[in-house]
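Structure first, commentary second.
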Amino acid sequence: MAMFGIASIGLANVLVLLRVFILWERRPLILRLMSFGFLSGFTAQFVCMILANIKLSRACIPGLCLGAISKSDNGIPASVTWSPIAKMCVVADHTPLYIAVWVSPMLFESLVILFTVINALDRPRSKHTRITTALHADGVAYFLTLFLLRTLNLALAATGDPSLTLLTVFFVWAMTTTVLNRSLLNIRHAEVTESIPAESGRASPFGMSGRVEPSVQVLAMDELTLYDPERSPGSKKAHEPEAESPEDEGGHRASESVGSNAKLLMLEVYERDKRRGSPDSDWEAQP
Numbered sequence: 114m115a116m117f118g119i120a121s122i123g124l125a126n127v128l129v130l131l132r133v134f135i136l137w138e139r140r141p142l143i144l145r146l147m148s149f150g151f152l153s154g155f156t157a158q159f160v161c162m163i164l165a166n167i168k169l170s171r172a173c174i175p176g177l178c179l180g181a182i183s184k185s186d187n188g189i190p191a192s193v194t195w196s197p198i199a200k201m202c203v204v205a206d207h208t209p210l211y212i213a214v215w216v217s218p219m220l221f222e223s224l225v226i227l228f229t230v231i232n233a234l235d236r237p238r239s240k241h242t243r244i245t246t247a248l249h250a251d252g253v254a255y256f257l258t259l260f261l262l263r264t265l266n267l268a269l270a271a272t273g274d275p276s277l278t279l280l281t282v283f284f285v286w287a288m289t290t291t292v293l294n295r296s297l298l299n300i301r302h303a304e305v306t307e308s309i310p311a312e313s314g315r316a317s318p319f320g321m322s323g324r325v326e327p328s329v330q331v332l333a334m335d336e337l338t339l340y341d342p343e344r345s346p347g348s349k350k351a352h353e354p355e356a357e358s359p360e361d362e363g364g365h366r367a368s369e370s371v372g373s374n375a376k377l378l379m380l381e382v383y384e385r386d387k388r389r390g391s392p393d394s395d396w397e398a399q400p
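So the sequence shown is numbered by our numbering: it starts at 114 and just counts up by one.
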């Protein structure tokens, strides 16, 4: 069971290694350093756990724990006994090798936080995109959480009490999986948010704030007509029929919208004369 736990933590550290590698823009030097740190820590932890199991398994044979009768054949107290509560063989003795088992993975985790902090300090402020922010924040959170849990295991193992040595092992394994999965989901969240822009006027399902972005309505120029004060509802011209615009050779009529060059020119002259204080007759006298 302990070996399966170490293997699961090793797989989690591989995912962390790849995340730091991506954070450093896939630099080969970072990959080599992180790989060396991972292999060193994992190998040391694996070897220490094997040595601890060999040392404490002198009273346990495959498929049967002789510690169930509290003593082995030679009268020495059993190091591994059967627990009716846990329904498995548990450690009934202590060895200093368990301290090395919990210290070994902390070497790689220290390397992870070191490279994460260096990358955060070295990266320009303008480069703090959503994905890099998620990597930095989750990298620090992952390290701090695992560091506290490893410290707890280390403190209990250092007491020398066999009943406390493996007290939090399963909790640490569960929390390692939980924190890592949360970190990977947040990174994927940030990647999708940056790669798929939100449509105008709709809230993106991958948005970080969850608020609807303001939409921009584009209207055709022909839909906005020039306001003529002489044709207001209370004026005389409002009841007079409008003269049709002459057709050109192609059978097209001049546009009566703001997009028409003639109307734009008349509007510009009107606004300029208005700023100068000219009477309204100047506007009416224009063709």
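Each residue gets a CB set at the ideal place from its N, CA and C atoms; glycine is no exception.
With a 10 Å radius around its C-beta and 16 neighbouring C-beta atoms as the bar for buried, classify residue i as buried or exposed.
i: M147; result: buried
i: P305; result: Checking the sequence, you will find Val at residue 305 rather than Pro. V305 should be labelled exposed.
i: L136; result: buried
i: T291; result: exposed
i: F151; result: buried
i: S257; result: Here the sequence assigns Leu to residue 257, which means Ser is not the residue at that position. With fewer than 16 other Cβ atoms within 10 Å, it is exposed.
i: I231; result: exposed
i: T264; result: exposed
i: D186; result: Confidence at D186 is low in this model, with a pLDDT of 46, below 50, so the placement of that residue should be treated as unreliable; the coordinate-derived value is given next. Exposed, by the Cβ-count rule.
i: S217; result: buried
i: L142; result: exposed
i: E138; result: exposed
i: T289; result: buried
i: I167; result: exposed
i: L169; result: buried
i: T416; result: Nothing in the structure corresponds to residue 416, since the chain is present only between 114 and 400.
i: I124; result: For clarity, residue 124 is Leu in the given sequence; the question names Ile instead. The residue is exposed, with fewer than 16 neighbouring Cβ atoms inside 10 Å.
i: F228; result: buried
i: T194; result: buried
Check for me: the alpha helix (DSSP H) holding residue i runs from which residue to which?
i: E222; result: L210 to D235
i: A205; result: First-last for A205: undefined, no H or E at that position.
i: R145; result: P141 to L169
Evaluate the contact criterion for the region 221–238 versus the region 283–303: three or more CB pairs, one atom per stretch, below 8 Å. Taking one beta carbon from each stretch, the region 221–238 and the region 283–303 have fewer than 3 pairs nearer than 8 Å; the two do not touch.
Report the residue ranges of all alpha helix (DSSP H) runs contained in full by the region 258–294; include only those spanning at least 4 residues, in chain order. Runs found: 275–278.
How do the region 123–140 and the region 202–216 stand: do at least 3 beta-carbon pairs fall below 8 Å, yes or no? Flag = no, the region 123–140 and the region 202–216 do not touch.
State whether the region 158–165 contacts the region 212–220, with contact taken as three or more CB pairs (one from each stretch) at a distance under 8 Å. Under the 8 Å Cβ criterion, the region 158–165 counts as touching the region 212–220, having at least three qualifying pairs.
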